[in-house]
Amino acid sequence: AFVNKMNRVGADFFRVVKEIRQELGANPVPLVLPIGAEDEFRGIVDLVNMVAFFFREPENGTEPKPEAIPEDLLHQARTCREELLEAVAEADERFLELFLSGETTAAELKAAIRRGTISGKIVPVFAGSAAKLQGIRSLLDGVVDFLPSPCDLPPLRGTWNGQEIYREPSVEGPLSALIFKIQADRHVGKIYYVRVYSGILRTGETVLNSRRESVQRVGRLFRVHANERIPVEELRAGEVGALIGLGEGQSGDTLCDPQAPIVLEAMEFPAPVLDLAISPARKTDTDRLSRAISALVSEDPTLSLRTNPETGEMVVSGMGELHLEIVVDRLKREFGVEVIASAPQVAYRETLARALDFEHKLVKQTGGHGQFAHIIFRIEPTPPGTGLEFESQVVGGRIPKEFIPAVRKGVMEAMNEGPHGFPVVDLKFVLLDGSFHEVDSSEQAFRNCAAQALREALKRAGTIVLEPIMHVEATVPESLVGAVVGDLASRRGKLVGLENKGSTAVVVARVPLAELFNYASILRSLTSGRGSFSMRFEHYAPLPESLASSVSKRAVPSYTG
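Everything in the sequence shown is counted per this note's numbering, starting at 1 for the first residue and increasing by one.
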């Protein structure tokens with residue numbers, strides 16, 4: 001932990017340490033003693049090595065030299081070091097023996113702190129001012145000395161062709177690296193951020209993207225510091241860097257040695273739950289907006305883009321209000337595109353209410369070749385998350401095989417918008433029988449027939465509107481739990497759990513996303529600014545019938561971003 005802003009009015013290092021223990025339930029162990037506070041903050045005492053570091057002008061990040069501890073601080077420093085030794089001894093049995101014998105060295109103390117940090121038994125605490133680069137070097141030294149390195153991790157687990165594969169985190173082994181982020185750059189194209197878990201990734205070498213099963217060539221490699229990219233020839237196991245010039249890739253893809261393929265466990269990204277219809281403020285920016293949105297979608301797996309077939313508007317889907325606000329801001333700030341955006345709308349879905357057998361025939365004759373298609377099918381609801389299940393039971397050439405994929409395309413087209421106006425999910429479509437015409441039947445005819453048929457069948461069978469349910473965790477003062485729980489209940493929320501952490505409590509609930517708009521402001525008001533919350537998508541659930549008839553008719557205001 002790093003206690004920041006020690007140079008500000010009201011700074012109190014030991015009060016913050018106490019709050020970490022009380023509010024977070026952690027075991028904070030100060031490794032430094034601040035010298036002064038607020039305007040008088042001028043240095044720190046390193047309690048491990050028992051030396052002082054003074055911050056003198058100019059404060060440009062130059063390394064301070066170790067000095068003797070001032071006489072007026074020596075007694076307090078010795079007391080704090082004794083408390084440090086006792087705290088570490090309680091957390092580490094090996095160090096306890098040394099402590100009781102009275103023979104401890106700085107190296108042994110560092111090793112014990114590291115073991116305690118990795119096990120989670122202690123939390124080292126540093127202090128300084130990040131804005132003035134004061135205390136940052138000791139913090140970074142602590143990162144190196146006490147946090148786990150890749151070598152402390154167990155062998156990396158992956159798969160290939162259904163078999164588990166293990167890789168040691170070593171430069172000696174075959175290459176295995178994971179793309180964890182993609183950034184679109186107007187000048188160099190896509191920048192792929194990678195972490196190398198084993199082996200060495202070299203400039204110009206050929207690697208296998210095992211998730212896509214495609215061989216690609218590595219362009220240029222960089223080590224990244226803030227907005228600075230430093231060219232390097234290789235990235236070794238345990239390092240994080242960026243590469244440019246890769247043919248294709250997405251977040252979660254694995255780059256590995258073609259002779260030793262492995263697929264690493266990819267990150268799972270939740271489905272977007274909030275929609276935002278956008279259009280350019282100036283018609284001349286239509287193409288620029290399309291390119292900009294595509295760039296943002298390519299780098300953010302939780303963002304998706306589709307076009308409304310009725311209005312022609314682009315609809316961006318994301319994880320929440322803030323997520324979509326940032327998208328609008330980036331379009332203006334990074335791409336120079338002003339947009340008109342609707343208010344965010346909940347991404348409702350529809351699913352089939354009951355199974356139904358249906359028959360539909362498409363006959364059109366407008367001179368010359370017409371259109372003819374005839375299908376008999378059954379639709380059934382399926383478990384949540386299964387998507388579309390398409391099955392053909394047609395036999396005897398009643399429908400030529402080349403027309404079956406067209407039927408599937410028509411089904412997928414009709415599922416884009418159900419009777420309530422929302423995408424249809426979790427549906428099984430079984431093509432049972434049908435007929436065709438030697439001259440007038442075509443792929444387009446069967447596609448149109450399937451789309452029309454499914455739309456009619458969905459109306460006949462009926463659909464259930466589904467709404468996204470969010471997992472909400474609100475951290476609030478214990479005295480205000482009742483007010484927060486009552487407010488969540490008024491939002492159709494269901495309490496899942498309640499955990500006390502000292503003077504605070506964590507309220508866990510499942511709440512419909514539609515009831516959480518502007519909830520951050522509401523929670524701040526309820527708790528006088530002392531409450532915070534986080535939420536994530538959990539599942540879709542049926543919307544109450546009393547609300548289902550109104551959601552598709554809701555008027556939507558718009559704003560300019």
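From the three backbone atoms N, C-alpha and C, an ideal C-beta is built for every residue, glycine too. Keep in mind the model is a prediction, meaning the values are calculated, not measured.
Three or more C-beta pairs under 8 Å: does that hold for the stretch 348-367 against the stretch 397-405? The stretch 348-367, when compared against the stretch 397-405, does not touch it at the 8 Å Cβ threshold.
Hey, would you say G434 sits closer than 8 Å to V395, going by beta carbons? Not in contact: G434 and V395 (Cβ atoms no closer than 8 Å).
According to the neighbour-count rule (16 or more other Cβ atoms, all chains shown, within 10 Å of its Cβ), is H225 buried or exposed? With fewer than 16 other beta carbons inside 10 angstroms of its own, H225 counts as exposed.
By Cβ distance, which residues of its chain are closer than 7 Å to R115, with the 5 residues on each side in sequence left out? Short of 7 Å from the beta carbon of R115, and not among the five residues preceding or following it, lie these beta carbons of its own chain, in chain order: D92.
Measuring alpha carbon to alpha carbon, tell me which of I375, S532, G318, L466 ends up nearest V297. It is G318 whose Cα lies nearest to the Cα of V297.
Where D185 falls, given that 16 or more other Cβ within 10 Å makes a residue buried: Under the 10 Å beta carbon count, D185 is surrounded by fewer than 16 other beta carbons and is classified as exposed.
For V123 and Q22, I'd like the C-alpha separation in whole angstroms. For V123 and Q22, the distance between alpha carbons rounds to 13 Å.
What is the DSSP secondary structure of P482, counted as helix, strand or coil? Position check: residue 482 holds Gly in this sequence, whereas Pro was assumed. In this structure, G482 counts as helix in the three-state DSSP scheme.
So what does F533 bridge to, in DSSP terms? Residue pairing by DSSP puts F533 in a beta bridge opposite A474.
Where does L523 land, buried or exposed, given buried means 16+ other C-beta within 10 angstroms? Per the 10 Å Cβ criterion, buried.
May I ask you to report which of helix, strand or coil DSSP gives A130? DSSP places A130 outside both helix and strand once states are collapsed to three, so it counts as coil.
Beta-carbon separation (whole angstroms), A414 vs L454, contact threshold 8 Å: Contact flag correct, Cβ pair sits at about 4 Å.
Neighbourhood of H471 by C-beta, 7 Å cutoff - its chain only, sequence neighbours within 5 removed: R510, M535, R536, E538.
Buried/exposed call for L264, threshold 16 Cβ in 10 Å: By the 16-neighbour rule on beta-carbons within 10 angstroms, L264 is buried.
E545 burial status per 10 Å Cβ neighbour count (16 or more: buried): E545 should be labelled exposed.
Can you find the residues in the same chain that come closer than 7 Å, C-beta to C-beta, to V16, ignoring five residues on each side of it along the sequence? Shown here for V16: same chain residues with a beta carbon closer than 7 Å to its own, the five before and five after excluded, namely V3 in chain order.
Residues in its own chain within less than 6 Å of E391 by CB, not counting five upstream and five downstream? Counting only Cβ-Cβ distances below 6 Å, and skipping sequence neighbours, we find V430.
Any contact between the stretch 291-307 and the stretch 224-241? By contact I mean 3 or more CB pairs, one from each, below 8 Å. Taking a cut-off of 8 Å for Cβ pairs, the stretch 291-307 and the stretch 224-241 do not touch, as fewer than three such pairs fall below it.
Among P64, R42, A68, the one whose alpha carbon lies nearest that of V51: If you compare the alpha carbons of P64, R42, A68 with that of V51, the shortest gap goes to A68.
Out of P155, G249, S170, C151, which one is the CA nearest neighbour of Y193? Put simply, of P155, G249, S170, C151 the residue whose alpha carbon is nearest the alpha carbon of Y193 is G249.
Pairwise C-alpha distance: R211 and K181: Distance between the alpha carbons of K181 and R211 is about 16 Å.
If you run the structure through DSSP and keep just helix, strand and coil, what is D39? DSSP places D39 within a helical segment (H, G or I) once states are collapsed to three.
Supposed close pair R349, L466 - CB separation, criterion 8 Å: Right, their Cβ atoms sit about 4 Å apart.
Could you spell out the range, first to last residue, of the beta strand (DSSP E) harbouring I375? Counting along the chain, the beta strand (DSSP E) containing I375 begins and ends at 371-381.
Opening and closing residue of the alpha helix (DSSP H) in which D185 lies: Unbroken run through D185 is the beta strand (DSSP E), 176-185; no alpha helix (DSSP H).
Mark S129 as exposed unless 16 or more other C-beta atoms lie within 10 angstroms of its C-beta, in which case mark it buried. Taking all protein chains in view, the Cβ of S129 is crowded by 16 or more other Cβ atoms within 10 Å, so the residue is classified as buried.
Contact set for E108: own chain, Cβ-Cβ below 8 Å, skip 5 residues either direction: Within the same chain, E108 has close Cβ partners F95, L98.
Looking at D152 and K110, is the spacing between their C-beta atoms short of 8 Å? Between K110 and D152, the C-beta spacing is not below 8 Å.
If we ignore side chains and look at the alpha-carbon of each, how far apart do A373 and P405 end up? So the alpha carbons of these two residues sit roughly 14 Å apart.
F126 classed as buried or exposed, judged by whether at least 16 other C-beta atoms fall within 10 angstroms: Buried: at least 16 other Cβ atoms inside 10 Å.
Just how far apart, CA to CA, sit Q345 and S550? Those two C-alpha atoms are separated by around 13 Å.
Consult DSSP for G116 and reduce its assignment to one of helix, strand or coil. Helix.
Can you tell me which of the three DSSP states N448 falls into? N448 falls in the helix class under three-state DSSP.
Just to confirm, are V218 and E205 a CB contact at a threshold of 8 Å? In this structure, the beta-carbon distance from V218 to E205 falls below 8 Å.
Can you tell me whether E239 is buried or exposed? The criterion is at least 16 other CB atoms within 10 Å of its CB, across all chains shown. Result: buried.
Quick one: complete alpha helix (DSSP H) runs, 4+ long, within the stretch 289-362? Fully contained in the stretch 289-362 are the following alpha helix (DSSP H) runs of length 4 or more, in chain order: 321-335.
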